[in-house]
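A.B. asks: If you want our numbering, it's the position in the sequence shown, counting the first as 1, plus 946.
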Amino acid sequence: RPTGGFTGQYGELSIKGGRMSPFSLRDISLVEYVDNSPTLGQLALPQYRSWWPFANWGLRDSNLSADFPTSAQIAIKKYKSEVGHNVDGVILFTPILVQHVLQVIGPIHIGGYNDTITAQNVEERLHYYQQDNAGLAKQAVYQPGDTTTSSRKRFTSLLAHLLLDRVRHAPPDEILAIARQALHDLKTKDLQIYVTNPQAESVLEKFGDAAQVDRSTAHDGLYVVQANISASKASQFVRTIMHDTVTLNTDGGATHIMQLRLVYNQVGPVYGYDTYHDYVRVYVPPTSKFLWGDGFDTGTPLCGATYVDCPQNGVYPKNELQCPPGQYQPGASAPSISDEDGARWHPLDTVGPPTNFQSDEPGRAMFGGWVVVPKNCTMTVTLSWYVPPTGHTTPYALLVQRQAGTLPELDLTILPTPGNCSVLKTAGQYFDGILAEDTSFALKPMPAGAHVKSSCYPQPAV
């Protein structure tokens, strides 16, 4: 999800005089999946309503903005309406932060379960106890009287209690080590904090730790935001590969051609529907001009289900979707407003440009739409847009933001238009690696008097 994951559990953390009170996790299903649920009939907020597919919108799905202060403010309002409590802020963390804490304090042995949780196995064990039938059965045996959470989340709640208790009683050197790591996790958005106190929130903003969508127009920007709406845990088996080529013209304008490749290799259980449904939003500067795009689901059926059979290979003319032979059928999807039973097989639709250009983030343009990837397939989405010059005299710079809970692979090339290297006084820049945090790629100007070839592109040998 945009801020890192689905909000399946929550807890209230009380801090008085610098001391934490005992903490426990509760299951959101005990609030929202009941007969008198406060979410009944609730629609998603207007800016998300055109694409959000599920009825009875609530706290569990409130983190639809990658701008953490925005999602946190929505969550605070939903929490007040559903639970009846006022809170002073929101703290969200990914399993990576839990792994970092375990690396400091060491393994936690869970009595009764005869299980030991380490930094290496914590995510796998959580999935085991929440989704696997054997893990579910153990919770019924070892925690039969726990009614503070649902039966499938009892182990998770117990682990959270033991983990926080270990941290509360940790020696000073371990507390310092956790604090140092937490500062880094704020940068990577594996720890996100929002507080309603403006002065405290401004400190996070000052140091770039507020997990905000960057809205500056002083530089170019790119933020790819994914939302797994598959009702499954398929995200762990999906590689996100971004290949962006930026060509600069003489006045500093930038033309982007970006390929977004989603490689879905299902090597383990996803505990839900096999096909991966991803709502992708690409945020760029507000003056950006869309040029062309491809790979987004159009909603127009092509083959499969009650339509003609899909071909064994090459279902799309440009090979946007690559699957094992005969495995292009997307099958059923989660119950939704338009498909209440969740059992009907859906056809594979045609693909085309983005279907949503109405930005839900102030100060950003947006290209969005559904990307559908059947099991063990690869889908390639392509977008091109032009960003006019910023009007600033500083060299071109591009800020690429990283979504919480993701580790996208970025292949980035920034080059002047052929023949204009000497005019722009730069040889460009290249990056190929994992985008671990928000990263700025600023072109370095050539030193005064330095010789710049008329073309910085590789030339054929003479």
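Even for Gly, the Cβ is constructed at its ideal location relative to N, Cα and C.
Everything numeric in this text was worked out from a predicted model, so none of it was measured.
#1: Let's see if you can read the secondary structure: which residues bound the alpha helix (DSSP H) around residue 1026?
#2: Quick check: the stretch 1350-1363 against the stretch 1373-1384, are there 3 or more CB pairs under 8 Å?
#3: For residue 1046, does the three-state DSSP call read helix, strand or coil?
#4: Answer with buried or exposed for residue 1037, where buried requires no fewer than 16 other C-beta atoms within 10 angstroms of its C-beta.
#5: Tell me the residue span of the alpha helix (DSSP H) that contains residue 1355.
#6: With a cut-off of 8 Å, do at least 3 Cβ pairs link the stretch 1307-1323 to the stretch 1106-1124?
#7: Mark residue 947 as exposed unless 16 or more other C-beta atoms lie within 10 angstroms of its C-beta, in which case mark it buried.
#8: What three-state label does DSSP hand residue 1119 in the structure shown?
#9: Leaving out five residues before and five after residue 1178 in sequence, what residues of the same chain have Cβ atoms less than 7 Å from its Cβ?
#10: Identify, in the order they occur along the chain, each residue of the same chain with its Cβ nearer than 6 Å to the Cβ of residue 1187, setting aside the five sequence neighbours on each side.
#11: Just curious, the beta strand (DSSP E) that residue 1087 is in, first and last residue?
#12: So what's residue 1134 in DSSP terms, helix, strand or just coil?
#13: Give a yes or no on whether the C-beta atoms belonging to residue 1382 and residue 1134 are separated by under 7 Å.
#14: Taking residue 1292 as the reference, which of 1280, 1283, 1276, 1298 has the closest Cα?
#15: Should residue 949 be labelled buried (16 or more other beta-carbon atoms within 10 Å of its own) or exposed?
#16: For residue 1258, which of helix, strand or coil comes out of DSSP?
#17: By the three-class DSSP mapping on this structure, what secondary structure does residue 1290 have?
#18: Pull up the distance between the alpha-carbon of residue 975 and that of residue 1008, whole angstroms please.
#19: Can you grab the Cα-Cα spacing for the pair residue 1076 / residue 1350, in whole Å?
#20: Can you tell which of 1202, 1238, 961, 1047 has its C-alpha closest to the C-alpha of residue 1303?
#21: How should residue 1070 be labelled, buried or exposed, when 16 other C-beta atoms within 10 angstroms of its C-beta is the threshold for buried?
#22: Is the stretch 1336-1344 touching the stretch 1254-1261, taking contact as three or more C-beta pairs under 8 Å?
#23: If you follow the alpha helix (DSSP H) that residue 1102 is part of, which residue opens it and which one closes it?
#24: Pick helix, strand or coil for residue 947, following the three-state DSSP scheme.
#25: Drop a sphere of 10 angstroms on the beta-carbon of residue 1387, count the other beta-carbons inside from all chains shown, and report buried for 16 or more, exposed for fewer.
#26: Write down the C-beta distance between residue 1166 and residue 1344 rounded to the nearest angstrom, noting that I regard them as a contact closer than 8 Å.
#27: Compare the C-alpha of residue 1024 against each of 991, 1061, 1145 and name the closest.
#28: Looking only at C-alpha atoms, which of 1333, 979, 1348, 1110 sits nearest to residue 1048?
#29: Do the stretch 1046-1062 and the stretch 976-987 touch if we need at least three Cβ pairs shorter than 8 Å?
#30: Go through its chain and collect everything with a Cβ distance to residue 1271's Cβ below 8 Å, but skip five positions before and after it.
#31: By DSSP, does residue 1375 sit in helix, in strand, or in coil?
#32: The alpha helix (DSSP H) that contains residue 977, what's its start and end?
#33: For residue 1217, does the three-state DSSP call read helix, strand or coil?
C.D. replies: Let me lay it out:
#1: Numbered from its first residue, the sequence shown carries residue 1026 at position 80. According to the DSSP assignment, residue 1026 belongs to the alpha helix (DSSP H) that extends over 1014-1029.
#2: Counting C-beta pairs with one atom in each stretch, the stretch 1350-1363 and the stretch 1373-1384 have three or more that are closer than 8 Å, which means they touch.
#3: Here residue 1046 refers to the residue found at position 100 of the sequence shown. Helix at residue 1046.
#4: The residue you call residue 1037 lines up with position 91 of the sequence shown. When all chains shown are included, residue 1037 counts as exposed.
#5: Reading the sequence shown from its first residue, position 409 is the one you call residue 1355. First-last for residue 1355: 1355-1362, but that is the beta strand (DSSP E), not the alpha helix (DSSP H).
#6: The stretch 1307-1323, when compared against the stretch 1106-1124, does not touch it at the 8 Å Cβ threshold.
#7: For the purposes of this step, residue 947 is taken as the residue at position 1 of the sequence shown. With 16 or more other Cβ atoms inside 10 Å of its own Cβ, residue 947 counts as buried.
#8: Numbered from its first residue, the sequence shown carries residue 1119 at position 173. DSSP places residue 1119 in helix when its eight states are reduced to three.
#9: As a first step, residue 1178 must be located in the sequence shown, where it is residue number 232. Result list for residue 1178: 1216, 1217, 1218, 1219, in chain order.
#10: Sequence index remark: in the sequence shown, residue 1187 carries index 241 (1-based). Hits under 6 Å: 1207, 1355.
#11: Counted from its first residue, the sequence shown places residue 1087 at position 141. It is not in any beta strand (DSSP E) - residue 1087 instead sits in the alpha helix (DSSP H) that spans 1079-1088.
#12: Position 188 of the sequence shown, counted from the start, is the residue given in the question as residue 1134. Note: residue 1134 maps to helix in three-state DSSP.
#13: Position 436 of the sequence shown, counted from the first residue, corresponds to residue 1382. Position 188 of the sequence shown, counted from the first residue, corresponds to residue 1134. The answer is yes: Cβ separation under 7 Å.
#14: Walking along the sequence shown from the start, residue 1292 turns up at place 346. Closest option to residue 1292, Cα to Cα, is 1276.
#15: Taking the sequence shown and counting its residues from 1, one reaches residue 949 at position 3. Classification of residue 949: buried, given that the 10 Å Cβ count is 16 or more.
#16: Start at 1 with the first residue of the sequence shown, and residue 1258 comes out as number 312. DSSP places residue 1258 in coil when its eight states are reduced to three.
#17: Taking the first residue of the sequence shown as 1, we reach residue 1290 at position 344. Note: residue 1290 maps to coil in three-state DSSP.
#18: Numbered from 1 along the sequence shown, position 29 holds the residue referred to as residue 975. Numbered from 1 along the sequence shown, position 62 holds the residue referred to as residue 1008. If I take the Cα positions, the gap works out to 14 Å.
#19: The sequence position of residue 1076 within the sequence shown is 130, counting from 1. The sequence position of residue 1350 within the sequence shown is 404, counting from 1. Cα to Cα, residue 1076 sits roughly 22 Å from residue 1350.
#20: Within the sequence shown, residue 1303 is the residue found at index 357, counting from 1. Among 1202, 1238, 961, 1047, the Cα nearest to that of residue 1303 belongs to 1238.
#21: Reading the sequence shown from its first residue, position 124 is the one you call residue 1070. That one is exposed.
#22: No, the stretch 1336-1344 is not in contact with the stretch 1254-1261.
#23: Counting from 1 along the sequence shown, the entry for residue 1102 is found at position 156. Here the alpha helix (DSSP H) through residue 1102 covers 1100-1114.
#24: Taking the first residue of the sequence shown as 1, we reach residue 947 at position 1. The DSSP-derived three-state label of residue 947 is coil.
#25: On the sequence shown, residue 1387 is found 441 positions in, with the first residue counted as 1. Buried, because 16 or more other Cβ atoms sit within 10 Å of the Cβ of residue 1387.
#26: Reading the sequence shown from its first residue, position 220 is the one you call residue 1166. Reading the sequence shown from its first residue, position 398 is the one you call residue 1344. Rounded to the nearest angstrom, the Cβ distance from residue 1166 to residue 1344 is 4 Å, consistent with a contact under 8 Å.
#27: Taking the first residue of the sequence shown as position 1, residue 1024 is located at position 78. When each option's Cα is compared against that of residue 1024, the closest is 991.
#28: For this step, residue 1048 is matched to residue 102 along the sequence shown. Per the Cα distances, 1110.
#29: No: the two stretches stay apart, fewer than three of their Cβ pairs being nearer than 8 Å.
#30: Here residue 1271 refers to the residue found at position 325 of the sequence shown. Contacts found: 1258, 1259.
#31: Numbered from its first residue, the sequence shown carries residue 1375 at position 429. The three-state reading of DSSP puts residue 1375 in strand, counting E and B together.
#32: Along the sequence shown, read from residue 1 onward, the residue named residue 977 stands at position 31. Element bounds for residue 977: 975-978.
#33: As a working note, residue 1217 is residue 271 in the sequence shown. The answer is coil: DSSP assigns residue 1217 none of H, G, I, E or B.
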